[in-house]
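Chains as they are written, first to last, in our numbering: chain A, 1 to 184; chain B, 1001 to 1350.
Note that the Cβ used here is the ideal one computed from N, Cα and C, for glycine as well.
A quick note: this is a predicted structure, and the numbers were derived from the prediction, not measured.
Let me begin by presenting the structure, written as structure tokens, before commenting on it.
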């Protein structure tokens, strides 16, 4: 019969000689193998301290973006909600009042913006639909929770930290968005 | 005056007993940590590293967990025996350390204090007696559980220990022929001046080592804990600290048998290539204790290393090895040793 692979090994069915029947050499060999494993590199990653780098195209939780001055980009145009195949996004628009220019970039803004994370399929179509660079998918993934209603993320959960007041958190939340734009 | 000396002696011995018991408990505690760490590195894992730096508080966490677990005594068990089992296992495990010479004499407060709790002149026999009592803990516990799995496990443990105790004793007889004494202290003194006994008794040591593995119920001889056949072995019905006692006594047994092996075959507290008499007595005693501990750690590592290398024996293989290989081999070793000792007495003339 022809072998299917090149790795075929003939089984040795010879009677064991005295030394082999003592098994001492075999045991010693086995012990050396396990001993050598002590010096091998461990593939484990110490999870909470260290995380594996995500692929640049990784799609995690949505985030609502601000510009450099900390104004919200979103104009509540609703294109993301239309694009969403899972119908996870709802929003309510509101008009910017005088004196709120430092909060919202344009005249219209989203007074309410909710994403149902139980419905979201993380396809990233909202990000592609957005003309204002206001929503994009970050590197964090949806954490566990105790109640279903906690999974409906409000604006407070979605908004990126303020870039001027909290620059470090902003940078962290921004993640590899820049890298991703270079690829696209 | 006589009374005062006696009182000092009693205090001295009490302090020594407390230190030895505490030390063996702590070492057994960290043997569990070592076991998990060594198992991890041998399998390319990291092992416990969350509780404290490098996970060194892991045994404390384990102990606390066992204490806080609910204690269940099955209604169909015989309660007194059920409690007696783990206590006996723990007691016999700790008792063995009484005759071990942990170090040479130290000189404190104008007294020469021997670092040995009791220099019994039949020390090794005492060790044997206590070690063979250790199986009663397992047997009583497994019987009292009123569970068929634990009963099978207890039977296995008993027959295994009986089988291997024979070979162990026979291998020791050859050693006793060479040393001519049963006292552990004298054996160490002999090895300090001459060569270690491993030089005279390599085969005897191998047999003793294999039997020690079997006596401690360690892999490849852990048939009484064969979890794929017997659920958990003799401690299926045990929970909380009573289970902890069983698991813990295994590690104490391992520590004690390492000490015994180091004392019998590897010179005990003897530091190799160093003449202790040339240096300060107290320091040398301290270094002697450290040397003994180093040897013990080596043996404990061997125990663990073997555990994560060699698979468990089948039951008939175990009996075959014990009765048909080790006992004849030990007898043969005894015969050869006896002949050589006689020849030596006759100045190598037939």
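**Prompt:** What does residue 37/A reach in chain B if we use C-beta pairs closer than 8 Å?
**Reply:** As a first step, residue 37/A is located in the first chain; it is residue number 37 there, counting from the start. Ordered by position in chain B, the residues that pass the 8 Å Cβ test against residue 37/A are 1041, 1042, 1043 and 1044.
**Item:** Spatial distance of residue 90/A from residue 152/A (CA atoms)
**Value:** As a position in the first chain, residue 90/A is number 90, starting the count at 1. As a position in the first chain, residue 152/A is number 152, starting the count at 1. Roughly 10 Å separates the two Cα atoms.
**Prompt:** Hey, residue 1183/B and residue 1100/B: beta-carbon distance below 9 Å or not?
**Reply:** Indexing the second chain from 1 puts residue 1183/B at position 183. Indexing the second chain from 1 puts residue 1100/B at position 100. Against a cut-off of 9 Å, the Cβ pair of residue 1100/B and residue 1183/B comes out as no contact.
**Prompt:** Taking residue 1124/B as the reference, which of 1274/B, 1321/B and 1264/B has the closest Cα?
**Reply:** Taking the second chain and counting its residues from 1, one reaches residue 1124/B at position 124. If we check each option's Cα against that of residue 1124/B, 1264/B comes out closest.
**Request:** Could you spell out the range, first to last residue, of the beta strand (DSSP E) harbouring residue 110/A?
**Result:** Sequence index remark: in the first chain, residue 110/A carries index 110 (1-based). Run containing residue 110/A: 108-116, per the beta strand (DSSP E) assignment.
**Request:** Using 10 angstroms around the beta-carbon of residue 1174/B, count the other beta-carbons present and answer buried if the total reaches 16, otherwise exposed.
**Result:** If you number the second chain from 1, residue 1174/B lands on position 174. With 16 or more Cβ atoms within 10 Å of its Cβ, residue 1174/B is classed as buried.
**Prompt:** Which two residues bound the contiguous beta strand (DSSP E) that contains residue 91/A?
**Reply:** Along the first chain, read from residue 1 onward, the residue named residue 91/A stands at position 91. Unbroken beta strand (DSSP E) run through residue 91/A: 89-95.
**Asked** Going along the chain, which residues of its own chain have a beta-carbon closer than 7 Å to the beta-carbon of residue 1181/B, five neighbours each way excluded?
**Response** Working through the second chain from its first residue, we reach residue 1181/B at position 181. For residue 1181/B, where only same-chain residues beyond five positions count, the Cβ hits under 7 Å are 1187.
**Among 1145/B, 1267/B, 1026/B and 1219/B, nearest to residue 1205/B - alpha-carbon criterion** = Taking the first residue of the second chain as 1, we reach residue 1205/B at position 205. The residue with the shortest Cα to Cα distance from residue 1205/B is 1267/B.
**Request:** Grab me the residues of residue 1118/B's own chain with a C-beta within less than 7 Å of its C-beta, minus the 5 sequence neighbours each way, in chain order.
**Result:** The residue given as residue 1118/B occupies position 118 in the second chain. Only 1098 and 1099 meet the Cβ criterion.
**Item:** Within chain A, the residues that residue 1308/B reaches when beta carbons sit closer than 7 Å
**Value:** As a first step, residue 1308/B must be located in the second chain, where it is residue number 308. Chain A residues near residue 1308/B: 34.
**Request:** Identify every residue that forms a DSSP beta bridge with residue 1108/B.
**Result:** Position 108 of the second chain, counting from 1, holds the residue named residue 1108/B. BP columns for residue 1108/B point to 1111/B.
**Asked** Listed in chain order, which residues of the region 9-34 of chain A have Cβ atoms closer than 8 Å to some Cβ of chain B?
**Response** 27, 30, 31, 33 and 34
**Request:** Express the C-alpha separation of residue 1272/B and residue 1215/B in angstroms, rounding to a whole number.
**Result:** Start at 1 with the first residue of the second chain, and residue 1215/B comes out as number 215. Start at 1 with the first residue of the second chain, and residue 1272/B comes out as number 272. Those two C-alpha atoms are separated by around 29 Å.
**Asked** Using DSSP with H/G/I as helix, E/B as strand and the rest coil, what is residue 72/A?
**Response** Walking along the first chain from the start, residue 72/A turns up at place 72. In this structure, residue 72/A counts as strand in the three-state DSSP scheme.
**Prompt:** Hey, is the region 1139-1155 of chain B in contact with the region 1230-1238 of chain B, meaning 3+ C-beta pairs nearer than 8 Å?
**Reply:** With a cut-off of 8 Å on Cβ pairs, the region 1139-1155 of chain B is in contact with the region 1230-1238 of chain B, counting three or more such pairs.
**Residue span of the beta strand (DSSP E) that contains residue 137/A, given as start and end** = By 1-based counting over the first chain, the position of residue 137/A is 137. 135-137 is the extent of the beta strand (DSSP E) around residue 137/A.
**Message:** Let me see if you follow: with CB-CB separation under 9 Å, is residue 50/A close to chain B or not?
**Reply:** Numbered from its first residue, the first chain carries residue 50/A at position 50. Any Cβ of chain B closer than 9 Å to the Cβ of residue 50/A would place that residue at the interface, and such an atom is absent.
**Request:** List the endpoints of the continuous alpha helix (DSSP H) containing residue 1173/B.
**Result:** Start at 1 with the first residue of the second chain, and residue 1173/B comes out as number 173. Here the alpha helix (DSSP H) through residue 1173/B covers 1148-1179.
**Message:** Per the DSSP calculation, residue 159/A is bridged to which residue(s)?
**Reply:** As a working mapping, residue 159/A is identified with position 159 in the first chain. Partner(s): 64/A.
**Asked** Nearest chain A C-beta to residue 1001/B closer than 9 Å, yes or no?
**Response** On the second chain, position 1 is the one that residue 1001/B refers to. For residue 1001/B, the predicted model reports a pLDDT of 49, less than 50, meaning its position is unreliable; a value from the coordinates is still stated below. Chain A contact via Cβ: absent.
**Message:** Output needed for residue 1323/B: all residues of its chain with C-beta closer than 7 Å, excluding positions within five of it in sequence on either side, in chain order.
**Reply:** The sequence position of residue 1323/B within the second chain is 323, counting from 1. Around residue 1323/B, the same chain offers 1163 as residues with beta carbons nearer than 7 Å, after the five sequence neighbours per side are excluded.
**Message:** Please report the straight-line C-alpha distance between residue 1083/B and residue 1077/B, rounded to a whole angstrom.
**Reply:** Locating residue 1083/B in the second chain gives position 83, where the first residue counts as 1. Locating residue 1077/B in the second chain gives position 77, where the first residue counts as 1. If you take the alpha carbons of residue 1083/B and residue 1077/B, they lie about 10 Å apart.
**Prompt:** For a contact meaning CB atoms closer than 7 Å, what does residue 40/A contact in chain B?
**Reply:** Here residue 40/A corresponds to residue number 40 of the first chain, with the count starting at 1. Within 7 Å Cβ-Cβ: 1044.
**Asked** Quick one, which of 1029/B, 1248/B and 1233/B has its alpha-carbon nearest residue 1151/B's?
**Response** The sequence position of residue 1151/B within the second chain is 151, counting from 1. Among 1029/B, 1248/B and 1233/B, the Cα nearest to that of residue 1151/B belongs to 1233/B.
**Prompt:** Using CA coordinates, which residue listed in 1085/B, 1170/B, 1127/B and 1070/B is at the minimum distance from residue 1330/B?
**Reply:** For the purposes of this step, residue 1330/B is identified with residue 330 of the second chain, where counting begins at 1. Of the candidates 1085/B, 1170/B, 1127/B and 1070/B, the one whose C-alpha sits nearest the C-alpha of residue 1330/B is 1170/B.
**Request:** Can you grab the Cα-Cα spacing for the pair residue 1341/B / residue 27/A, in whole Å?
**Result:** Here residue 1341/B refers to the residue found at position 341 when the second chain is read from its first residue. Here residue 27/A refers to the residue found at position 27 when the first chain is read from its first residue. Cα-Cα distance, rounded: 32 Å.
**Item:** Within-9 Å CB hit, residue 1305/B to chain A
**Value:** What you label residue 1305/B is simply residue 305 of the second chain in a count that begins at 1. Closer than 9 Å: yes.
**Message:** For the structure I just gave you, are there three or more beta carbon pairs, one from the region 1247-1255 of chain B and one from the region 1153-1162 of chain B, closer than 8 Å?
**Reply:** no
**Message:** Here's the rule: buried if 16 or more other CB atoms are within 10 angstroms of the residue's CB, otherwise exposed. What is residue 1104/B?
**Reply:** Here the question's residue 1104/B lines up with position 104 in the second chain. Buried, by the Cβ-count rule.
**Per-residue DSSP class, three states only, for residue 1056/B** = Position 56 of the second chain, counted from the first residue, corresponds to residue 1056/B. Note: residue 1056/B maps to coil in three-state DSSP.
**Message:** Rounding to the nearest angstrom, what Cα-Cα distance links residue 1070/B and residue 1308/B in this structure?
**Reply:** Within the second chain, residue 1070/B is the residue found at index 70, counting from 1. Within the second chain, residue 1308/B is the residue found at index 308, counting from 1. Rounded to whole angstroms, residue 1070/B to residue 1308/B spans 31 Å at the Cα level.
**Asked** When burial is assigned at 16 or more other CB atoms within 10 Å of the CB, is residue 75/A buried or exposed?
**Response** For the purposes of this step, residue 75/A is taken as residue 75 along the first chain, with counting starting at 1. Per the 10 Å Cβ criterion, buried.
**Message:** Quick check on DSSP: helix, strand or coil for residue 104/A?
**Reply:** What you label residue 104/A is simply residue 104 of the first chain in a count that begins at 1. Residue 104/A carries a strand assignment under DSSP once its states are collapsed to helix, strand and coil.
**Request:** Below 8 Å CB to CB, which residues in the same chain sit around residue 1001/B once its five sequence neighbours on both sides are set aside?
**Result:** Start at 1 with the first residue of the second chain, and residue 1001/B comes out as number 1. Only weak support is given to the placement of residue 1001/B: the predicted model assigns it a pLDDT of 49, under 50, and the value that follows is read from those uncertain coordinates. So the list is empty, once near-sequence residues are dropped.
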